[in-house]
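Take a look at the structure set out below.
In the working numbering, the protein residues as written are -13 to 405.
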């Protein structure tokens, strides 16, 4: 189980300002602080440009043409000596650009705005995902139709309901565990405490049987959209051991399935957990889970392509099944979602779409029975995600091994003919 630091929430909060490309491609603009900040930035840039254009300029040839003979001699001598002495400003920091500072008259101290990717705390984040073919459960295509649900959603929901020996508790035992949970849940107002205190209830004794990680950014993955989003930073995720997948496949799919360059962290994650404290935003929570799961679905799809022998010059293979699961938890409410890749409906856009579908919700703090069913579903979801992941990795390894065997056989046949 990963260590979770106090600055986690600050890392994920809206301290970054999206670059201009993010705003240029939005199909719908909301009146938010970040949008106003971008409008101010552009207005200031335009003002500075217009102001600077009114200053008269003299080009060097014109200046020299109008110089007297004595002045030209001074210029030549000055040039031969190396020009002005700039040693006074050597190693002096470059001045910050004017439009990097706040123009708020009520704020006496200038503030630097860091231009980085948009985060899920920005309401425009969801619109950006939608514009790039990544759909939340409420998302629709431009014509208003709903994206298709995964073909295996009914089977997934059935598997989530399967009973588990670990949750076959007596009435008294279940009541005690439920009361312990509600007591802890009432006290976990901060996001860090939710992960630390609630996760043991969710995972139970099997929490040490998974390859897990969390609280670090996915810095090694190719951007999911146009590069204007901040890196995903899941609270918690499960993946595979690196040595579970053949090294050559890991290298081929590195920027799709390996979240970070740290070799001791899981690869090909396809189970994610995002949490919020009592005062956290449910909308932000769902956006984060959608972003995480789309990255996971892309990783599973890459493994699936590899397992089917699909090369880069062949059309993508789609079975319309979901192999990625994301969980959300806030104030006692547990949500489970699945994400699957689909072929883009835009004939001019070859990219894959990713569709998030709700698999179920449980108010764990409602009553002992709902608590039992929700915890059972969560643990079944973890097992199911591992089953999906292991199967796709196995297929990819087998396809690679078969290709190596065929290559060796071909080499041997050629040598025999030459002999």
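Don't be surprised by glycine CBs; every beta carbon is placed ideally from N, CA and C.
Exposure label - residue i; buried when at least 16 CB within 10 Å
i           : result
residue 169 : exposed
residue 48  : exposed
residue 355 : exposed
residue 221 : buried
residue 197 : buried
residue 406 : The structure shown does not extend to residue 406, since the chain is modelled only from -13 to 405, so the question has no answer here.
residue 360 : buried
residue 283 : buried
residue 391 : exposed
residue 126 : exposed
residue 229 : exposed
residue 53  : exposed
residue 378 : buried
residue 247 : exposed
residue 177 : buried
residue 20  : buried
residue 154 : exposed
residue 186 : exposed
residue 63  : exposed
residue 249 : exposed
residue 57  : exposed
residue 115 : buried
residue 22  : exposed
residue 367 : buried
Cβ-heavy atom distance, residue i to the ligand NAP, below 7 Å
i           : result
residue 201 : Ligands displayed in this structure: none; no statement on the ligand NAP is therefore possible.
Nearest neighbour of residue i, chosen from the options [CA to CA]
i           : options            : result
residue 29  : 12, 6, 50          : 6
residue 205 : 197, 222, 242, 126 : 242
residue 227 : 151, 166, 236, 201 : 236
residue 157 : 214, 367, 357      : 357
residue 406 : 239, 154, 321      : Lying before the first or after the last residue shown, residue 406 is absent from the chain, which here runs from -13 to 405.
residue 319 : 69, 276, 104, 266  : 266
residue 294 : 119, 388, 105      : 388
residue 224 : 208, 258, 216      : 258
residue 376 : 18, 317, 285, 180  : 285
residue 219 : 273, 349, 56, 380  : 273
residue 139 : 65, 269, 369, 308  : 308
residue 117 : 137, 179, 373, 128 : 128
residue 384 : 55, 231, 347       : 231
residue 244 : 288, 171, 369      : 288
residue 348 : 160, 60, 317       : 317
residue 164 : 367, 50, 369, 353  : 353
residue 369 : 332, 195, 203, 131 : 195
Neighbour flag for residue i against chain D, beta carbons, 8 Å
i           : result
residue 244 : Considering every chain present, this structure includes no chain D. It has just one protein chain.
Sub-8 Å separation of residue i and residue j beta-carbons
i           : j           : result
residue 146 : residue 363 : yes
residue 313 : residue 325 : no
residue 306 : residue 134 : yes
residue 386 : residue 234 : yes
residue 190 : residue 330 : no
residue 213 : residue 251 : no
residue 446 : residue 113 : Outside the modelled stretch of the chain, which goes from -13 to 405, sits residue 446, for which no answer is possible.
residue 341 : residue 167 : no
residue 345 : residue 142 : yes
residue 323 : residue 254 : no
residue 343 : residue 123 : yes
residue 277 : residue 290 : no
residue 371 : residue 256 : yes
residue 110 : residue 12  : yes
residue 192 : residue 380 : no
residue 184 : residue 171 : yes
Inter-residue CB distance, residue i and residue j (contact presumed, cutoff 8 Å)
i           : j           : result
residue 279 : residue 328 : The Cβ separation is near 14 Å, so there is no contact.
residue 281 : residue 210 : 6 Å
residue 216 : residue 104 : 6 Å
residue 292 : residue 350 : Contact doesn't hold; Cβ gap of about 38 Å is too wide.
residue 315 : residue 180 : 6 Å
(message) Which runs of the alpha helix (DSSP H) at least 4 residues long sit entirely within the segment 148 to 200? Give them in chain order.
(response) 157 to 173, 185 to 189
(request) Report the residue ranges of all alpha helix (DSSP H) runs contained in full by the segment 248 to 317; include only those spanning at least 4 residues, in chain order. (result) Taken in chain order, the whole alpha helix (DSSP H) runs of length 4 or more contained in the segment 248 to 317 are 268 to 293.
(request) Only counting runs of 3 or more residues, tell me where the beta strand (DSSP E) segments fall wholly within the segment 208 to 248, in order along the chain. (result) 222 to 226
(message) Threshold first: 3 residues or longer. Then list the beta strand (DSSP E) segments lying entirely within the segment 316 to 396, N to C.
(response) 319 to 329, 338 to 349
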